[in-house]
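Trainee: Take this structure, written in structure tokens, and hold onto it; I'll ask about it next.
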Amino acid sequence: MPGQTKRLRPLEPVLSSAWHRVEVLPHRGLLTEEERDEYEDEDEVEYVTLEFGSHLTEDELNQYGELQLLGAEAPHPVARVGHKHFQGVHESLIGNDILFKHQPEATPAYVPFAKSSHRITFQPVSIVHDPTKAAGDAAGFFDGANDAAGAGVLGPDGQPIKRKPGRPRGSKNKNPSRRRSGPADPPPQSGDDNDIIHQDFEVVERLRATSEADEAMQDAEEEEEEEGRQNKPGGPSVEGAPQGDEMDE
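If you want it as structure tokens, here you go:
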């Protein structure tokens with residue numbers, strides 16, 4: 007229909023990372039010849055219309071007094087006004103949007119000062135946390151902790167040293183079945199020092215008695231061996247006993 011702006015399919019963003027924001031830049035049509043000469047070597051100015059429709063009223067915009075535009079060079083920029091968030095899409099227009107400047111004290115109150123052929127249309131969105139992503143982050147945290155705990159030692163070349171399969175050398179778990187399975191002996195009471203001293207003396211006396219018994223047993227065995235050698239035939243003669251030749255005489 008005549009008088010309506012036809013919207014085409016979303017296009018690539020007209021803005022790029024090379025664009026920069028300026029606080030005040032008047033339209034060239036409103037400049038004098040001297041002022042135009044000053045801007046001859048400046049960058050070209052392109053106005054972009056931000057369309058919120060009925061999702062953002064003028065009172066709400068005046069209440070917060072600011073609008074945050076995030077990722078204007080992205081395919082889907084995001085705008086935030088107060089606690090509301092909007093996601094936009096770039097659109098190219100057939101024709102131009104006429105931009106007016108409000109001058110309450112002048113007549114007329116609205117004066118056209120620029121035009122725009124590019125528009126970003128915004129729709130309200132709700133930002134929520136993804137529960138699956140949060141669970142994945144938590145799992146990744148624990149996985150990272152396990153990896154850090156089990157990280158190997160780096161070699162001279164900076165690469166981790168591979169561990170050989172099997173039991174590490176010097177470990178005490180060679181044969182777990184041979185470990186003592188009974189209850190451990192209760193530790194001595196630290197408050198009764200006399201009992202500890204008497205126990206130590208009893209251990210010393212027990213070891214001493216065992217040593218004396220071993221020595222006596224060894225002496226008895228040596229005496230038995232000596233007597234056995236003496237009683238054998240042809241063994242050493244005893245002094246005073248008559249020899250065989252003397253008896254024949």
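If you want this note's numbering, it's the position in the sequence shown, counting the first as 1, plus 6.
Every residue gets a Cβ at the ideal spot worked out from N, C-alpha and C, and that includes glycine.
Owing to the predicted nature of the structure, the values given are computational and were not obtained by experimental measurement.
Three or more C-beta pairs closer than 8 Å, one from the stretch 115 to 127 and one from the stretch 95 to 103: is that the case here?
Mentor: As far as the Cβ criterion goes, the stretch 115 to 127 touches the stretch 95 to 103, which means the pair count is three or higher.
Trainee: Starting from Asp103, trace the beta strand (DSSP E) in both directions and tell me its first and last residue.
Mentor: Start and end: Lys90 to His108.
Trainee: Measuring CA to CA, which of Ala120, Gln109 and His91 is closest to Val134?
Mentor: Looking at the Cα atoms, His91 is the closest of the given residues.
Trainee: For Pro137, which of helix, strand or coil comes out of DSSP?
Mentor: Helix.
Trainee: Starting from Leu67, follow the alpha helix (DSSP H) in both directions and report where the run begins and ends.
Mentor: Glu64 to Tyr70 is the extent of the alpha helix (DSSP H) around Leu67.
Trainee: Taking the alpha-carbon of Glu57 as reference, which of Gly94, Arg86 and Val51 has the nearest alpha-carbon?
Mentor: When each option's Cα is compared against that of Glu57, the closest is Gly94.
Trainee: Can you name, in chain order, every residue of its own chain whose Cβ lies under 7 Å from the Cβ of Val87, other than the five neighbours on each side?
Mentor: Closer than 7 Å at Cβ, skipping near neighbours: Leu62, Glu66, Leu67, Tyr70 and Leu73.
Trainee: Can you grab the Cα-Cα spacing for the pair Ser132 / Ala85, in whole Å?
Mentor: For Ser132 and Ala85, the distance between alpha carbons rounds to 12 Å.
Trainee: Phe119: which of Pro137, Glu229, Arg235 and Leu37 sits nearest, CA to CA?
Mentor: Residue Leu37 is the option with its Cα nearest to Phe119.
Trainee: Just verifying my parser: in three-state terms, what is the DSSP assignment at Leu36?
Mentor: Here Leu36 sits in helix by DSSP.
Trainee: Ordered along the chain, which non-local residues of its own chain (more than five positions away) have a Cβ less than 7 Å from that of Val117?
Mentor: Counting only Cβ-Cβ distances below 7 Å, and skipping sequence neighbours, we find Phe106, Lys107 and Gln109.
Trainee: According to the neighbour-count rule (16 or more other Cβ atoms, all chains shown, within 10 Å of its Cβ), is Val51 buried or exposed?
Mentor: So Val51 ends up on the exposed side.
Trainee: For Pro130, which residues in the same chain have their Cβ closer than 6 Å to its Cβ, ignoring the five residues on either side in sequence?
Mentor: Closer than 6 Å at the Cβ level, and outside the excluded window around Pro130, lie His61 and Phe92.
Trainee: Note the first and the last residue of the continuous beta strand (DSSP E) segment covering Ser122.
Mentor: Start and end: Tyr116 to Val131.
Trainee: Compare the Cα-Cα distances from Asp103 to each of Tyr53, Asp136 and Ala80 and report the closest residue.
Mentor: Comparing Cα positions, the closest option is Tyr53.
Trainee: By the 10 Å Cβ neighbour count, where 16 or more other Cβ atoms means buried, how is Pro114 classified, buried or exposed?
Mentor: Classification for Pro114: exposed.
Trainee: According to the neighbour-count rule (16 or more other Cβ atoms, all chains shown, within 10 Å of its Cβ), is Pro81 buried or exposed?
Mentor: So Pro81 ends up on the exposed side.
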